[in-house]
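What follows is a short report on a single structure.
Numbering (my numbering), first residue to last: 11 to 391.
Printed below as a string of structure tokens:
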């Protein structure tokens, strides 16, 4: 990774962090971000080899599925852990699997974490509308976990990681160290079988025949460089509103993940949960991709402006409300339904631009130069 933050860790329990249950290189830029490397192997052909007859084939997300759950936490009455999972399966056999966790207790947000794994997958049989996919053990793992309450920030990026490196604690007071990439994969990147409903864009890890989760998949993955470019920054932050949009007793929680690549492109993902009426009301994830502009560093923060997105991938569902929505602007057919802004509304997009306007607008982020926790507003104002 470009930045490693060996802060002293006031450890929370594994249930609090849930980062692994469910890089270190010097900074060479005055902006706090390393100088971009234009033309990585994943998206260009060297000029000496390029010709009019050659075509660069860019992998595209063929299938995207989400899942979420809310479970009681380990910090007494009212504590909880909220998980959102997304499996993005590219058309060339590479997957990106993202897990975000928010841990709440003692009337505050205790910790937030995100894991983004890259590996290869195989597609199995389809039965009763459910398709089995085998996600092999991750080839690369990106982990970010922080707690303002606990006073720690942990970032692990296996493509460039130096070891030993600290991982989130499994129990309070523990120093959980990984001494190799394989140890990180063993704890945070083992594969799994997922069972996906391709009509509803959701998945589960529970075998439909047994209603149980299978053993972790240890089969190594193949090459993922076609999808994963050189990462410069991998930073997260949460937004939490209590009460939430549904009034007293509700809450809204979102985890923001910004991945900035060396060629100044970006992947910006949000995973959001709405809770109310004593149930999980809806889950929405948005992935926007485009080009970023890097600003100057000021008082430990570098301003990064995400340009208007080139593409947006949206998933939204509600078991309570009975809807399943997916929009992938790469191949969407319009008009297409977007998540409602008000109860009972039919919110339609008539073009790709409508989707971009709603979910891919330009925005400024402020990336920390010393921790992995970004800010959505200028912290120096």
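Glycine residues also receive a C-beta, built at the ideal position from the N, C-alpha and C atoms.
When the Cα atoms are used, what is the spatial distance from residue i to residue j?
i: residue 120; j: residue 135; result: 41 Å
i: residue 118; j: residue 338; result: 35 Å
i: residue 87; j: residue 237; result: 43 Å
i: residue 280; j: residue 380; result: 22 Å
i: residue 157; j: residue 375; result: 19 Å
i: residue 52; j: residue 221; result: Annotation note: pLDDT 35 at residue 52 (below 50); position unreliable, coordinate value reported separately. Computed Cα separation, rounded: 39 Å.
i: residue 17; j: residue 336; result: With a pLDDT of 34 at residue 17, under the threshold of 50, the modelled position of that residue is not reliable, and no figure is offered here.
i: residue 203; j: residue 139; result: 16 Å
i: residue 81; j: residue 111; result: 11 Å
i: residue 100; j: residue 124; result: 20 Å
Buried or exposed, going by whether 16 or more other CB atoms sit within 10 Å of the CB of residue i?
i: residue 274; result: buried
i: residue 113; result: buried
i: residue 171; result: buried
i: residue 192; result: exposed
i: residue 371; result: exposed
i: residue 251; result: exposed
i: residue 187; result: exposed
Can you look up residue i in the DSSP assignment and give me helix, strand or coil?
i: residue 87; result: coil
i: residue 325; result: strand
i: residue 234; result: coil
i: residue 96; result: strand
i: residue 166; result: strand
i: residue 223; result: strand
i: residue 379; result: coil
i: residue 364; result: helix
i: residue 196; result: helix
i: residue 284; result: strand
i: residue 205; result: strand
i: residue 313; result: strand
i: residue 276; result: strand
Nearest to residue i by alpha carbon, out of the options?
i: residue 343; options: 360, 334, 329 and 133; result: 360
i: residue 116; options: 80, 191, 235 and 160; result: 160
i: residue 175; options: 182, 181, 194 and 162; result: 194
i: residue 96; options: 67, 82, 181 and 215; result: 215
i: residue 196; options: 185, 308, 268 and 177; result: 177
i: residue 150; options: 162, 200 and 122; result: 200
i: residue 133; options: 66, 206, 229 and 198; result: 206
i: residue 254; options: 70, 356, 286 and 334; result: 286
i: residue 122; options: 296, 92 and 181; result: 92
i: residue 102; options: 78, 89, 352 and 130; result: 130
Is the number of C-beta pairs between the stretch 258-271 and the stretch 160-177 that are closer than 8 Å three or more? They do not touch, by the three-pair rule.
Does the stretch 300-309 come close enough to the stretch 346-358 that 3 or more CB-CB pairs lie under 8 Å? Counting Cβ pairs under 8 Å, fewer than three are found: no touch.
Under 8 Å: do the stretch 286-293 and the stretch 322-331 share three or more Cβ pairs, one atom per stretch? With the rule of 3 Cβ pairs closer than 8 Å, the stretch 286-293 counts as touching the stretch 322-331.
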